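**Q** If you read the protein sequences in the order shown, they are chains A and G. So in the working numbering, spot 50 of the first sequence is number 54, and the numbers just go up one at a time. So in the working numbering, spot 85 of the second sequence is number 88, and the numbers just go up one at a time. Glycine is no exception: its CB is placed at the ideal position from the N, C-alpha and C atoms. It should be emphasised that the depicted structure is a prediction, and the values quoted were computed from it without experimental measurement. For reference, the structure I am asking about is given below.
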Amino acid sequence: MIQIQRGYQFLLFTRFVFIVLLTAVVFIDDAAAQCLSAANPVGGSNNLLVLEKRSLRFITFYRYNSGNQFYEGNEPSDFNLIRNANYNYIGSIIGYGLLNKLTLEADLGYFINKTYKYNLDPPYTLSGSGLSSAVVSAKYGLVNSNENRLFLSSSIGAKIPFSTKPVTRDGVELPIELQPTIGALGLVLQVFMVKEKPLTGSRYFATCRVDINAENNQDYRLGTSVFSSLFYSKHLMFPWLKGDWTIIFQLRNEIRQKDKSILWIESTGSNIFYVSPQLNLFIKEKVNVSLMFDIPVYRNFNGTQLATKYGISLNLSRDFQL
Amino acid sequence: MKRISGLLMLLLFFASCETDEYLGTDDGNNEIILLAFYSLTTDKDTVTAGETAAITAKATGKNLTYAWSATAGSILGSGNKVSYASCSCNAGENIITCTVTDAYNDSDSKGVSIFVVH
Numbered sequence: 005m006i007q008i009q010r011g012y013q014f015l016l017f018t019r020f021v022f023i024v025l026l027t028a029v030v031f032i033d034d035a036a037a038q039c040l041s042a043a044n045p046v047g048g049s050n051n052l053l054v055l056e057k058r059s060l061r062f063i064t065f066y067r068y069n070s071g072n073q074f075y076e077g078n079e080p081s082d083f084n085l086i087r088n089a090n091y092n093y094i095g096s097i098i099g100y101g102l103l104n105k106l107t108l109e110a111d112l113g114y115f116i117n118k119t120y121k122y123n124l125d126p127p128y129t130l131s132g133s134g135l136s137s138a139v140v141s142a143k144y145g146l147v148n149s150n151e152n153r154l155f156l157s158s159s160i161g162a163k164i165p166f167s168t169k170p171v172t173r174d175g176v177e178l179p180i181e182l183q184p185t186i187g188a189l190g191l192v193l194q195v196f197m198v199k200e201k202p203l204t205g206s207r208y209f210a211t212c213r214v215d216i217n218a219e220n221n222q223d224y225r226l227g228t229s230v231f232s233s234l235f236y237s238k239h240l241m242f243p244w245l246k247g248d249w250t251i252i253f254q255l256r257n258e259i260r261q262k263d264k265s266i267l268w269i270e271s272t273g274s275n276i277f278y279v280s281p282q283l284n285l286f287i288k289e290k291v292n293v294s295l296m297f298d299i300p301v302y303r304n305f306n307g308t309q310l311a312t313k314y315g316i317s318l319n320l321s322r323d324f325q326l
Numbered sequence: 004m005k006r007i008s009g010l011l012m013l014l015l016f017f018a019s020c021e022t023d024e025y026l027g028t029d030d031g032n033n034e035i036i037l038l039a040f041y042s043l044t045t046d047k048d049t050v051t052a053g054e055t056a057a058i059t060a061k062a063t064g065k066n067l068t069y070a071w072s073a074t075a076g077s078i079l080g081s082g083n084k085v086s087y088a089s090c091s092c093n094a095g096e097n098i099i100t101c102t103v104t105d106a107y108n109d110s111d112s113k114g115v116s117i118f119v120v121h
């Protein structure tokens with residue numbers, strides 16, 4: 005009986021690992037300045053826990069984000085230079101369990117577009133695309149308590165741009181907010197905590213990520229950012245519900261310091277809270293599909309900035325044992 | 004003696020005339036034209052956030068291409084005439100740079116300042 009319980013707990017745990025990792029897929033590599041920060045994703049590693057030795061995790065995701073309202077401080081502004089801003093982004097994360105407590109990860113992504121539609125007469129549209137910065141990191145399992153169902157891990161990584169040259173269109177350099185990458189190195193530090201309650205099928209977890217950025221070749225430096233999240237996850241166990249479904253609620257806080265280029269850049273830096281509901285489906289205990297919405301519930305910007313209206317992510321994940 | 008003086012004066016006369024410098028021809032047997040970037044001007048030195056300013060580059064040369072960049076804000080359009088769109092994030096002095104390049108890969112750059120106020 006005890007063995008069955010342990011086996012069931014382990015099964016729940018592995019499913020949980022899938023789900024938990026996908027909930028962090030809100031993080032996409034940070035690629036641009038903050039003045040019109042609504043159109044920029046936030047980035048990072050998507051695995052919350054370390055992988056087993058010699059296991060490979062492959063995640064692919066798509067993200068759409070849109071914004072059309074400027075805010076001054078925490079109030080809507082009548083500034084309306086940009087009628088609409090949006091981006092489409094695809095990314096992949098590959099994780100490999102080098103040791104039972106050590107996982108290596110590589111996070112790559114591509115902006116299909118980063119677009120500004122200007123509210124001018126005649127109307128004008130600028131759009132950039134390209135590879136965002138890669139993040140390569142090592143994750144270490146600090147606490148792995150099956151008895152208490154408590155897990156803690158941390159990671160350190162480097163942000164590496166694929167290009168340091170700004171993107172141009174018809175000889176015109178795109179504004180920094182539409183560049184797919186800021187073209188600078190960075191340091192990424194993360195901490196993850198997971199607490200399971202297998203009997204109720206629920207989980208609690210917390211993550212924190214710090215991005216410290218270097219200057220690029222144009223002497224521009226993105227501000228240091230701190231992203232913190234709290235999650236509540238519940239396995240849906242209804243008799244009428246077919247399939248292995250889990251619902252997750254995330255409360256996320258994103259704090260960004262001002263950007264700097266010799267002097268601090270005005271209208272950069274912000275403090276934003278998001279609520280992100282997510283629905284996961286675990287298929288044949290191998291593949292996890294996840295749909296997530298990003299809804300900002302509180303915004304406070306330095307100066308006047310374009311705010312996110314909403315974001316949508318679709319994620320797919322699979323593990324392989326090598 | 005008079006003839007020699009006359010010839011000398013004639014030579015001096017032609018030598019003092021200004022003539023266009025002939026640079027020869029290129030591989031396509033076309034006369035080489037030097038790149039000359041005369042000016043980079045804006046119709047507004049100061050704009051309020053959200054306003055646009057028109058910027059014009061005047062240059063002569065062969066098969067000119069124009070490359071634009073700004074310390075902040077957006078450049079709209081292409082070619083020798085563009086618009087600069089400002090936002091609140093680039094209040095203060097912003098420098099717009101234009102680099103003109105000709106068919107022989109010679110280039111020249113100029114910058115113009117536009118102040119953005121709230």
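1) Quick one: which residues of the stretch 168-179 of chain A get their C-beta closer than 9 Å to a C-beta of chain G? List them in chain order.
2) Taking 8 Å as the limit between beta carbons, can you name the residues of its chain near Thr308/A, skipping five residues before and five after?
3) Put Ala35/A into one of helix, strand or coil per three-state DSSP.
4) Find the nearest neighbour of Ser159/A within the set Ser131/A, Leu191/A, Tyr114/A, judged by alpha-carbon distance.
5) Between the stretch 271-280 of chain A and the stretch 293-302 of chain A, are three or more C-beta pairs nearer than 8 Å?
6) Leaving out five residues on either side along the sequence, give the residues of the same chain with a beta carbon under 8 Å from the beta carbon of Ile287/A.
7) How would you write the range of the beta strand (DSSP E) that Ile164/A sits in, first residue to last?
8) Measuring only between beta-carbons, confirm whether Ile58/G sits less than 9 Å from chain A.
9) Quick check: what's the CA-CA separation for Leu154/A versus Lys201/A?
10) If you run the structure through DSSP and keep just helix, strand and coil, what is Ser41/A?
11) Within 9 Å of any Cβ in chain G, is that where the Cβ of Ser271/A sits?
12) Would Asn84/A count as contacting chain G if we go by Cβ distances under 9 Å?
13) Which same chain residues end up closer than 7 Å to Ala218/A when comparing Cβ atoms and leaving out the 5 residues on each side of it in sequence?
14) Compile a chain-ordered list of the residues in the stretch 110-131 of chain A whose CB is closer than 9 Å to at least one CB of chain G.
15) With the cut-off set at 9 Å, would you say Gly132/A and Ala311/A are in Cβ contact?
16) Met4/G by DSSP, collapsed to three states: which one?
17) Measuring alpha carbon to alpha carbon, tell me which residue in Thr64/A, Arg58/A, Leu60/A is nearest Leu320/A.
18) How would you label Phe40/G, buried or exposed, when you count the other beta carbons within 10 angstroms and need 16 or more for buried?
19) Between Thr107/A and chain G, is the shortest Cβ-Cβ distance under 9 Å, so that the two count as touching?
20) Using CA coordinates, which residue listed in Thr102/G, His121/G, Val115/G is at the minimum distance from Asp46/G?
21) Taking C-beta pairs closer than 7 Å, name the residues in chain A that Tyr41/G reaches, listed in chain order.
22) Give a yes or no on whether the C-beta atoms belonging to Lys315/A and Asn69/A are separated by under 9 Å.
23) What is the rounded straight-line gap between the Cα of Ser110/G and the Cα of Thr63/G?
24) Out of Lys163/A, Leu156/A, Leu182/A, Ile94/A, state which residue places its alpha-carbon closest to the alpha-carbon of Ser77/G.
25) So Asp111/A and Gly95/A are supposed to be a Cβ contact under 8 Å. How far apart are they, rounded?
26) Check whether chain A comes within 9 Å of Tyr107/G, counting only Cβ atoms and requiring the distance to be less than that.
27) According to the neighbour-count rule (16 or more other Cβ atoms, all chains shown, within 10 Å of its Cβ), is Gln325/A buried or exposed?
28) For Ser233/A, count the other beta carbons within 10 Å of its own beta carbon; 16 or more makes it buried, fewer makes it exposed. Which is it?
29) Reducing DSSP to helix, strand and coil, say where Asn93/G ends up.
30) Report the CB separation of Asn92/A from Thr168/A in whole angstroms; it is logged as a contact under 8 Å.
31) Since Ser167/A sits in a beta bridge, which residues does DSSP pair it with?
32) Using a Cβ cut-off of 8 Å, pull out every chain A residue sitting near Val50/G, in sequence order please.
33) With Leu285/A and Cys90/G assumed to form a contact (beta carbons below 8 Å), what rounded beta-carbon distance in angstroms separates them?
34) Quick check on this structure: which residue in Glu109/A, Arg260/A, Thr129/A, Ile259/A has the alpha carbon closest to the alpha carbon of Asn117/A?
35) When you compare the CB positions of Tyr120/A and Ser136/A, do they come within less than 9 Å of one another, or not?
36) Express the C-alpha separation of Thr51/G and His121/G in angstroms, rounding to a whole number.
**A** If we stick to the structure as given:
1) Pro170, Thr172, Arg173, Asp174, Gly175, Val176, Glu177, Leu178, Pro179
2) Position 304 of the first sequence, counting from 1, holds the residue named residue 308/A. Closer than 8 Å at the Cβ level, and outside the excluded window around Thr308/A, lie Phe74, Tyr75, Glu76, Ser81, Phe83, Ser271.
3) Residue numbering aside, residue 35/A sits at position 31 when the first sequence is read from its first letter. For Ala35/A, the pLDDT reaches just 37, beneath the cut-off of 50, and the residue's location in the model is therefore unreliable, leaving the point undetermined.
4) Reading the first sequence from its first residue, position 155 is the one you call residue 159/A. It is Leu191/A.
5) yes
6) As a working mapping, residue 287/A is identified with position 283 in the first sequence. Same-chain partners within the cutoff: Gly247, Asp248, Val293.
7) Position 160 of the first sequence holds residue 164/A. Looking at the DSSP string, the run of the beta strand (DSSP E) that includes Ile164/A is 154-164.
8) Locating residue 58/G in the second sequence gives position 55, counting from the first residue. With 9 Å as the cut-off, Ile58/G does not count as an interface residue toward chain A.
9) Here residue 154/A is taken as the residue at index 150 of the first sequence, counted from 1. Here residue 201/A is taken as the residue at index 197 of the first sequence, counted from 1. Near 9 Å, if we compare the C-alpha coordinates of Lys201/A and Leu154/A.
10) For the purposes of this step, residue 41/A is identified with residue 37 of the first sequence, where counting begins at 1. Annotation note: pLDDT 37 at Ser41/A (below 50); position unreliable, coordinate value reported separately. Ser41/A falls in the helix class under three-state DSSP.
11) Here residue 271/A corresponds to residue number 267 of the first sequence, with the count starting at 1. It does: the Cβ of Ser271/A has a partner Cβ on chain G nearer than 9 Å.
12) Numbered from 1 along the first sequence, position 80 holds the residue referred to as residue 84/A. Interface residue, yes.
13) The residue labelled residue 218/A in the question sits at position 214 within the first sequence. Ala188, Leu189, Gly190, Arg225, listed in sequence order.
14) Tyr120, Tyr122, Asn123, Leu124, Tyr128, Leu130
15) Here the question's residue 132/A lines up with position 128 in the first sequence. Here the question's residue 311/A lines up with position 307 in the first sequence. Result no, Cβ atoms of Gly132/A and Ala311/A do not sit closer than 9 Å.
16) Looking up residue 4/G in the second sequence gives position 1. Met4/G: coil per DSSP, three-state reduction.
17) Position 316 of the first sequence, counted from the start, is the residue given in the question as residue 320/A. When only C-alpha atoms are compared, the closest one is Thr64/A.
18) What you label residue 40/G is simply residue 37 of the second sequence in a count that begins at 1. Buried: at least 16 other Cβ atoms inside 10 Å.
19) Along the first sequence, one-based indexing puts residue 107/A at 103. No, Thr107/A does not count as interfacial toward chain G.
20) What you label residue 46/G is simply residue 43 of the second sequence in a count that begins at 1. Of the listed residues, the one whose Cα sits closest to Asp46/G is Val115/G.
21) Position 38 of the second sequence, counting from 1, holds the residue named residue 41/G. None at all; the shortest Cβ gap to chain A is about 19 Å.
22) The residue given as residue 315/A occupies position 311 in the first sequence. The residue given as residue 69/A occupies position 65 in the first sequence. Going by the sequence as given, residue 315/A is Gly instead of Lys. Yes, they are a contact pair.
23) Residue 110/G sits at position 107 when you count from the first residue of the second sequence. Residue 63/G sits at position 60 when you count from the first residue of the second sequence. Ser110/G and Thr63/G: Cα-Cα distance of roughly 11 Å.
24) Counted from its first residue, the second sequence places residue 77/G at position 74. Cα-wise, what sits closest to Ser77/G is Leu182/A.
25) Your numbering for residue 111/A matches position 107 in the first sequence. Your numbering for residue 95/A matches position 91 in the first sequence. Contact flag correct, Cβ pair sits at about 7 Å.
26) The residue given as residue 107/G occupies position 104 in the second sequence. Not closer than 9 Å to any Cβ of chain A, the Cβ of Tyr107/G fails to qualify, so no.
27) Position 321 of the first sequence, counted from the first residue, corresponds to residue 325/A. When all chains shown are included, Gln325/A counts as exposed.
28) To locate residue 233/A, count along the first sequence from 1; it is residue 229. Buried, by the Cβ-count rule.
29) Indexing the second sequence from 1 puts residue 93/G at position 90. DSSP places Asn93/G in helix when its eight states are reduced to three.
30) For the purposes of this step, residue 92/A is identified with residue 88 of the first sequence, where counting begins at 1. For the purposes of this step, residue 168/A is identified with residue 164 of the first sequence, where counting begins at 1. Contact flag wrong, Cβ pair sits at about 24 Å.
31) As a first step, residue 167/A is located in the first sequence; it is residue number 163 there, counting from the start. BP columns for Ser167/A are empty, so no partner.
32) Residue mapping note: residue 50/G aligns to position 47 of the second sequence, counting from 1. Per Cβ cutoff of 8 Å: no residues; Val50/G is ~11 Å from chain A at best.
33) The sequence position of residue 285/A within the first sequence is 281, counting from 1. The sequence position of residue 90/G within the second sequence is 87, counting from 1. Actually they are not in contact, since the Cβ atoms of Leu285/A and Cys90/G sit about 42 Å apart, beyond 8 Å.
34) Counting from one through the first sequence, the residue named residue 117/A turns up at place 113. The residue with the shortest Cα to Cα distance from Asn117/A is Thr129/A.
35) Start at 1 with the first residue of the first sequence, and residue 120/A comes out as number 116. Start at 1 with the first residue of the first sequence, and residue 136/A comes out as number 132. It is not a contact, given that the beta carbons lie outside the stated cut-off.
36) Your numbering for residue 121/G matches position 118 in the second sequence. Your numbering for residue 51/G matches position 48 in the second sequence. Their Cα atoms are separated by approximately 5 Å.
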